[in-house]
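J.: The structure follows.
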Amino acid sequence: MRKKFIMVLLSMFILISALVLMFGNKSTDKHAVVGNKIAVIYVDGTITGGHGTSSLLSESGGTDSLIKQLHEARDDSSVKGIVLRINSPGGSSTATQEVGEEIKKIRAKGKPVVTSMGDMAASGGYWLAACTDKIYANPTTLTGSIGVYMPYSNWEELYKKIGVRQEKIKSGIHKDILSNDRPMTEEERVILQTMVDEIYQGFVEVVAEGRHLDIETVKKIADGRVYTGKQAKELGLVDEMGNLYDAIDDTAQMVGIHGKPKIKEYGKNNPFSMLMTTSDKAELLKTLLLNVPVENDVKSVVPMAVPEKW
Amino acid sequence: MSSILETLYDMFARPKEAFQVIAGYGKLSKACQIVFFSTTISSLAAYANVFEGSFKGIMLLGQIVFSVLVWGISVAVWHLLAELLGGRGSVKTLLTTIGFTYFLQLFIVPIYLIASFLPTFGFLLIMIATLTLAVWSIVLGILAIREVYQLSGGKATLVYFLPLLIFIGIFIVMIFTASTFFMSAATDLLANPPQF
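These protein sequence lines map, in sequence, to chains A and B.
Under the numbering used here, the first residue of the first sequence is numbered 1, with each subsequent residue one higher.
Under the numbering used here, the first residue of the second sequence is numbered 1001, with each subsequent residue one higher.
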């Protein structure tokens, strides 16, 4: 009889707990906690287009996965604001532009996006930051480097020394533009300079629009040099000095979250996915392949929004 | 046979005696009810307030189906291993006995409720409780195998963990095979770099 009584009490306790969880607790705590999230999305390393590194359980590196994370944060109704943690020297201007446009679309839908700069948020990294509502940087963060360049090297003399003579059959006179076995012609230089100027103009416009500065003012500081976070604040390129958590707290205040916000991190690998990833091998392969001279190697000549030396 | 509530009480207080009773008089239909209700209620409680995300209904249904499948498959594997190790018993009896241990899952429900009021330490509390219940469940499972097949404690433990060890072994072999494949693919690619 005693056993039955204890088990009946226990069963009732379990049942009541289940009912409270399912029906009673919804209107109070759950929504207060669950709906108050700040998403943290990481932009790490060189910004490149494409999938980046794919594994069985995760994707990382390329802007495709970054855009996917931005979309997830945008579509999650419990996420009230987004903090973009940038630690990047820049990268491909096209990939950067693509992500920048997505950030603008998210802001247009009413979710604020705030930047927290890590060690470096230069060039393409700054481009992304300029697309956000507010920028936090540390005093020693390296930022700026507003500019565009197109790398080119002429190995003609080296080829002569080692007895290599490249022959080409081409469909048009500019098909082998930026070819490393001959000097660039003046006409080609003009073509490429026009491209770089056009992309630079776009970069300047993004900064001017995002930072509410005149085009001419931006052009004065956009000579490609890097600035410290402190210098950038004086120039109006950064809003506040602070770390990631200052940015999170400020974003929470912007969206009216009282108390500590719940942080939802995107793109963090769990131990199982780290075990299944092929990132190290892929990085090694990429590095080795980039060092192999390939005729008309598109990857090596795309306009880069990245400091030449960093 | 004593009532089901008394049997469940004994399973926690005197598991050896309780399993002898279940092995002798326990009904599979009762075990099915326990598995179904325990899994449904604990999953409902979990998805109601602790876990978040879309497709809760599908996930809940999946969780119930998965639990029933795990129950059936694990009992089948344990039965085979117990017979191989010299145990003599019925698979239906083991299915019934293990089914009764599923009642333990319900103990997590009040923990979910307490955790929902503790935003900072709630998750930690759930982790500790889950770990405790998992250990308890393993102990009950081993005792059930021992009583049903009349095996020694050591052999019953081996029967319980052998499927897990085999699974880990297969997983390690798969990882090594996959690594070898990727490395050979990388070598081929380096030997013939892509051209534009």
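Each residue gets a CB set at the ideal place from its N, CA and C atoms; glycine is no exception.
In this text, all values refer to a predicted model and were calculated from it rather than measured experimentally.
Can you tell which of Ala-252(A), Val-83(A), Gly-91(A) and Asp-119(A) has its C-alpha closest to the C-alpha of Ile-135(A)?
T.: Against the first sequence, residue 135(A) aligns to sequence position 135. Minimum Cα distance to Ile-135(A) is reached at Val-83(A).
J.: Show which residues of chain A have a CB atom less than 8 Å away from the CB atom of Leu-1005(B).
T.: Locating residue 1005(B) in the second sequence gives position 5, counting from the first residue. Result: Lys-3, Lys-4, Met-7, Val-8 and Ser-11.
J.: When we look at the beta-carbon of Leu-275(A) and count the other beta-carbons within 10 Å, is it buried (16 or more) or exposed?
T.: In the first sequence, the residue the question calls residue 275(A) occupies position 275. Confidence in Leu-275(A) is poor, its pLDDT being 48 and thus under 50, which makes the residue's placement too unreliable to answer from.
J.: Can at least three beta-carbon pairs, one atom from the segment 1116-1129 of chain B and one from the segment 1146-1163 of chain B, be found at a separation below 8 Å?
T.: Output reads no: the segment 1146-1163 of chain B does not touch the segment 1116-1129 of chain B.
J.: I'd like to know whether the C-beta atoms of Leu-178(A) and Tyr-152(A) end up nearer to each other than 8 Å.
T.: Within the first sequence, numbered from 1, the residue matching residue 178(A) stands at position 178. Within the first sequence, numbered from 1, the residue matching residue 152(A) stands at position 152. In contact: Leu-178(A) and Tyr-152(A) (Cβ atoms closer than 8 Å).
J.: Name the chain A residues that come within less than 7 Å of Tyr-1009(B), Cβ to Cβ?
T.: As a working mapping, residue 1009(B) is identified with position 9 in the second sequence. Chain A residues near Tyr-1009(B): Lys-3, Ile-6 and Met-7.
J.: Check whether the segment 1104-1123 of chain B and the segment 1080-1091 of chain B touch, using three or more Cβ-Cβ pairs below 8 Å as the test.
T.: Verdict: no, contact absent.
J.: Among Glu-265(A), Leu-15(A) and Gly-236(A), which has the Cα closest to the Cα of Gln-1250(B)?
T.: Residue 1250(B) lies beyond the stretch modelled for chain B, which goes from 1001 to 1196, so this question has no answer here.
J.: With a CB to CB cut of under 7 Å and the five nearest residues on each side skipped, what residues in its chain are close to Lys-109(A)?
T.: Residue numbering aside, residue 109(A) sits at position 109 when the first sequence is read from its first letter. Around Lys-109(A): Arg-74.
J.: Within the same chain, show all residues whose beta-carbon is closer than 6 Å to that of Gly-1099(B), passing over the 5 residues directly before and after it, in chain order.
T.: The residue you call residue 1099(B) lines up with position 99 of the second sequence. Answer for Gly-1099(B): Ala-1031, Ile-1034 and Val-1035, listed in chain order.
J.: Please check if any C-beta of chain B sits within less than 8 Å of the C-beta of Ala-39(A).
T.: If you number the first sequence from 1, residue 39(A) lands on position 39. No, Ala-39(A) lies away from the interface with chain B (no Cβ there is under 8 Å from its Cβ).
J.: Can you tell me whether Ala-1134(B) is buried or exposed, with buried defined as 16 or more other CB within 10 angstroms of its CB?
T.: Here residue 1134(B) is taken as the residue at index 134 of the second sequence, counted from 1. By the 10 Å Cβ count, Ala-1134(B) comes out exposed.
J.: To the nearest angstrom, how far is the alpha carbon of Leu-10(A) from that of Gly-1072(B)?
T.: One-based indexing of the first sequence puts residue 10(A) at position 10. One-based indexing of the second sequence puts residue 1072(B) at position 72. If you take the alpha carbons of Leu-10(A) and Gly-1072(B), they lie about 27 Å apart.
J.: Determine the chain B residues that contact Ile-257(A) at a beta-carbon separation under 7 Å, and present them in chain order.
T.: To locate residue 257(A), count along the first sequence from 1; it is residue 257. Simply none; closest approach about 13 Å.
J.: Find the residues of chain A that neighbour Ile-1034(B), judging by a C-beta separation of less than 8 Å, and give them in chain order.
T.: For the purposes of this step, residue 1034(B) is taken as the residue at position 34 of the second sequence. In chain order: nothing, as chain A lies at least about 12 Å away.
J.: On a Cα-Cα basis, can you pick out the residue from Ala-1023(B), Ala-1129(B) and Ala-1156(B) that is closest to Val-1139(B)?
T.: Locating residue 1139(B) in the second sequence gives position 139, counting from the first residue. Comparing Cα-Cα distances from Val-1139(B) to each of Ala-1023(B), Ala-1129(B) and Ala-1156(B), the minimum goes to Ala-1156(B).
J.: Rounded to the nearest angstrom, what separates Leu-98(A) and Gly-267(A) at their Cα positions?
T.: What you label residue 98(A) is simply residue 98 of the first sequence in a count that begins at 1. What you label residue 267(A) is simply residue 267 of the first sequence in a count that begins at 1. The sequence given here places Glu at residue 98(A); Leu does not occur at that position. One C-alpha to the other measures close to 19 Å.
J.: Below 7 Å CB to CB, which residues in the same chain sit around Ile-1004(B) once its five sequence neighbours on both sides are set aside?
T.: As a working note, residue 1004(B) is residue 4 in the second sequence. Contacts found: Lys-1030.
J.: Report the rounded CA-to-CA distance for Asp-44(A) versus Ile-1064(B), giving the unit in angstroms.
T.: Translated into the one-based positions of the first sequence, residue 44(A) becomes position 44. Translated into the one-based positions of the second sequence, residue 1064(B) becomes position 64. Straight-line Cα distance between these residues: approximately 40 Å.
J.: Should the segment 138-145 of chain A be regarded as contacting the segment 198-216 of chain A, the criterion being three or more beta carbon pairs within less than 8 Å?
T.: Too few Cβ pairs lie closer than 8 Å, so no.
J.: Just to confirm before moving on: does the CB-CB distance between Arg-85(A) and Ser-145(A) stay below 8 Å?
T.: On the first sequence, residue 85(A) is found 85 positions in, with the first residue counted as 1. On the first sequence, residue 145(A) is found 145 positions in, with the first residue counted as 1. In this structure, Ser-145(A) does not lie closer than 8 Å to Arg-85(A) by Cβ.
J.: Could you please give the first and the last residue of the uninterrupted alpha helix (DSSP H) stretch that includes Gly-100(A)?
T.: By 1-based counting over the first sequence, the position of residue 100(A) is 100. Start and end: 93-108.
J.: Is it true that the CB of Leu-1008(B) sits closer than 8 Å to the CB of Met-7(A)?
T.: Position 7 of the first sequence, counting from 1, holds the residue named residue 7(A). Position 8 of the second sequence, counting from 1, holds the residue named residue 1008(B). Yes; because the gap between Cβ atoms is below 8 Å, this pair is in contact.
J.: Thinking Ile-1041(B) and Val-1109(B) are a contact (beta carbons under 8 Å), I'd like their distance in whole angstroms, please.
T.: Here residue 1041(B) corresponds to residue number 41 of the second sequence, with the count starting at 1. Here residue 1109(B) corresponds to residue number 109 of the second sequence, with the count starting at 1. Indeed they touch by this definition, with Cβ atoms about 6 Å apart.
J.: Roughly how many angstroms lie between the CA atoms of Asn-36(A) and Val-20(A), to the nearest whole one?
T.: Residue mapping note: residue 36(A) aligns to position 36 of the first sequence, counting from 1. Residue mapping note: residue 20(A) aligns to position 20 of the first sequence, counting from 1. Using only the alpha carbons, I get a separation of about 22 Å.
J.: Taking C-beta pairs closer than 9 Å, name the residues in chain A that Ile-1041(B) reaches, listed in chain order.
T.: Within the second sequence, residue 1041(B) is the residue found at index 41, counting from 1. In chain order: Ile-14, Leu-15 and Ala-18.
J.: For Ala-1048(B), decide whether its Cβ has a neighbour in chain A, counting only Cβ atoms nearer than 8 Å.
T.: In the second sequence, counting from the first residue as 1, residue 1048(B) sits at position 48. Closer than 8 Å: yes.
J.: Just how far apart, CA to CA, sit Thr-1180(B) and Thr-194(A)?
T.: Here the question's residue 1180(B) lines up with position 180 in the second sequence. Here the question's residue 194(A) lines up with position 194 in the first sequence. Rounded to whole angstroms, Thr-1180(B) to Thr-194(A) spans 48 Å at the Cα level.
J.: Quick one: list the residues of chain B neighbouring Met-22(A), beta-carbon separation under 8 Å, in chain order.
T.: Residue mapping note: residue 22(A) aligns to position 22 of the first sequence, counting from 1. Simply Leu-1044, Ala-1045, Ala-1048 and Asn-1049.
J.: Using a Cβ-Cβ distance under 8 Å, would Leu-1104(B) count as near chain A?
T.: Stepping through the second sequence from its first residue, residue 1104(B) is reached at position 104. So, not an interface residue.
J.: How is the beta strand (DSSP E) around Arg-85(A) delimited, first residue to last?
T.: Translated into the one-based positions of the first sequence, residue 85(A) becomes position 85. Counting along the chain, the beta strand (DSSP E) containing Arg-85(A) begins and ends at 79-88.
J.: Give the single residue among Ser-17(A), Lys-260(A), Asp-119(A) and His-258(A) whose Cα lies nearest to the Cα of Tyr-227(A).
T.: Position 227 of the first sequence holds residue 227(A). That would be Asp-119(A), whose Cα lies nearest to the Cα of Tyr-227(A).
J.: What beta strand (DSSP E) runs, 3 residues minimum, are completely inside the segment 1066-1134 of chain B?
T.: Runs found: none.
J.: Starting from Val-113(A), follow its DSSP beta bridges and name the residues at the other end.
T.: Start at 1 with the first residue of the first sequence, and residue 113(A) comes out as number 113. Val-113(A) pairs with Ile-82(A).
J.: How is Met-1011(B) classed by DSSP in three states: helix, strand or coil?
T.: For the purposes of this step, residue 1011(B) is identified with residue 11 of the second sequence, where counting begins at 1. Of the three classes helix, strand and coil, the one that applies to Met-1011(B) here is helix, per DSSP.
J.: Against chain A, does Pro-1015(B) count as a neighbour if the rule is that its beta carbon must be under 8 Å from one of theirs?
T.: Along the second sequence, one-based indexing puts residue 1015(B) at 15. Taking Cβ atoms only, chain A never reaches closer than 8 Å to Pro-1015(B), which makes this a no.
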